[in-house]
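To start, the structure under review is shown below, and the notes come after it.
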Amino acid sequence: MNRQSLILLYALAGLLLFSACGQQSSPDNSTEANEGSQKVAQEEPAALRTITYLGTDYEVPAAPQKILFMSAFESMEDAVVLGVEPYASSAIGDDDDPFPGFYGTVMRSTIPLLGTTEETLEYLLDLSPDLIIGTDMETATVHERLSKIAPTIPVSHFGPDWQNNLELLAELTGKQEQARTVIADYEKSREEARQLVASLDQNTEVLAIRVRGQQMMIYPEDVFLNDVLYEQLGFKVPGLIQKTGQQEVLSLEGLSQMNPDYILLQYDLYENGGSMAALDELQNSPVWQGLDAAKNSRAYVNAVDPLVSGGGTANGKIAITRAVLEKFR
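Numbering follows our numbering, with no gaps: position 197 of the sequence shown is 197.
Here it is in structure tokens:
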């Protein structure tokens, strides 16, 4: 082999060796680049946005995946109406059935919060929610502690804010179209019910009662079912209710004196020791059986689901209006 051939052979061998080294190093460089990109992605915080609720701005995740309801019972009913399953929520029932009745239709996989407020606050750290929906009835101290865990919005328990509450949850979860449909359907039913009420005797008296702890309870005209019955649908406000400033016990004597034309009574087992005894005793009493509403078969038990907290939610307004349309024709 001459000198030129030998030089050419060495050059070719060197080129092949360099090419092989380059090919071997490429995967390592690519892996390092991928790992770097993954690390940046992991460290990048979730996208945030600002929403306005009742005049206050809140910075929240753009697309929250782990929404937790902390004593936000109004929002829990809104979740049912919108078909939103929360990540975790204060329970309504007990260990065996934390989300009874209509709640169970959307909260099948929701983590129930069954302990005291203090126990729940400690548990929240482990749950790591990305958004907390609370209540404006909570103390400032609890709200501050919740806000340190995740962005927290205290939802109003005031009945007139029902539409703002519904639209808030809809905006957070992308359910705006469903919320608009719910509101439109309710307004249509409300108008139909108002026409029905107007066709009745203008002196017709309706009384809403809730049995709690084996006692009959009545409420002011803008609380419980009353806001819908009297303000939204136009029933006459009974004198007894006009004098009621807060939740008050109603005696059999007081019920007899009023003697309403219609009674809407709610009876929840969870509020009465798991027993129907108090209801049976009430309905079998001479006073109850002597009421015009009872004698005319116009005393309705749980025509409005006892799990409905009142007329301060879209769910409550729909349920109360539906009961009037079904029972008062």
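The beta-carbon is built from N, C-alpha and C at its ideal position, and this holds for glycine as well. Small disclaimer: the values here were computed from a predicted structure and weren't measured.
Status (buried if at least 16 other CB within 10 Å, exposed otherwise) for residue i
i      : result
Pro64  : buried
Ala88  : buried
Pro289 : For the sequence presented, residue 289 should be read as Gln rather than Pro. Classification of Gln289: exposed, given that the 10 Å Cβ count is below 16.
Gly316 : buried
Lys175 : buried
Ala62  : exposed
Leu172 : buried
Glu177 : exposed
Ala277 : exposed
Ile51  : exposed
Gly83  : exposed
Ala140 : exposed
Gly55  : exposed
Ala314 : buried
Ala193 : buried
Ala323 : buried
Ala299 : buried
Gly310 : buried
Glu326 : exposed
Presumed contact (8 Å Cβ cut-off) between residue i and residue j, rounded CB distance
i      : j      : result
Arg210 : Gln283 : The Cβ separation is near 15 Å, so there is no contact.
Ala150 : Leu131 : 6 Å
Gly312 : Gly159 : 4 Å
Thr204 : Asp292 : Contact flag wrong, Cβ pair sits at about 11 Å.
Thr110 : Glu85  : 6 Å
Ala208 : Asn226 : 6 Å
Tyr53  : Ile183 : Between Ile183 and Tyr53 the Cβ distance is about 17 Å, and since that is not below 8 Å, they are no contact.
Lys66  : Pro129 : 5 Å
Leu68  : Leu127 : 7 Å
Leu348 : Arg329 : Any answer about residue 348 is impossible in this case: the structure gives the chain only from 1 up to 329.
Range covered by the alpha helix (DSSP H) that runs through residue i
i      : result
Glu167 : Trp162 to Thr173
Glu192 : Gln176 to Ser199
Ala293 : Asp292 to Lys295
Ala140 : Ala140 to Ile149
Tyr123 : Thr117 to Leu127
Gly239 : Gly239 to Gln242
Gly234 : Gly234 -> no alpha helix (DSSP H), and no H or E assigned at all.
Val80  : Phe73 to Leu82
Leu279 : Ala277 to Gln283
Gly254 : Leu252 to Met258
Cβ pair residue i, residue j closer than 8 Å
i      : j      : result
Gly134 : Leu146 : yes
Leu255 : Val287 : yes
Ala79  : Val60  : no
Val304 : Leu279 : no
Leu233 : Gly101 : no
Pro220 : Gly239 : no
Glu253 : Gly213 : no
Ala179 : Leu166 : yes
Gln206 : Thr321 : Here residue 206 is Val; the residue named in the question, Gln, does not match the sequence. Not closer than 8 Å, so no.
Leu269 : Met217 : no
Ile318 : Ser156 : no
Leu124 : Pro98  : no
Thr117 : Val81  : no
Ser71  : Ser90  : yes
Lys243 : Gln202 : no
Enclosing beta strand (DSSP E) for residue i [first to last residue]
i      : result
Ile320 : Unbroken run through Ile320 is the alpha helix (DSSP H), Ala314 to Lys327; no beta strand (DSSP E).
Tyr58  : Thr56 to Pro61
Ser90  : Ala88 to Ser90
Phe69  : Ile67 to Phe69
Gln266 : Tyr262 to Tyr267
Val155 : Thr152 to Val155
Pro112 : Ile111 to Leu113
Leu48  : Leu48 to Tyr53
Going along the chain, which unbroken runs of the beta strand (DSSP E) with 3 or more residues stay wholly within the segment 197-232? 206-212 and 215-218
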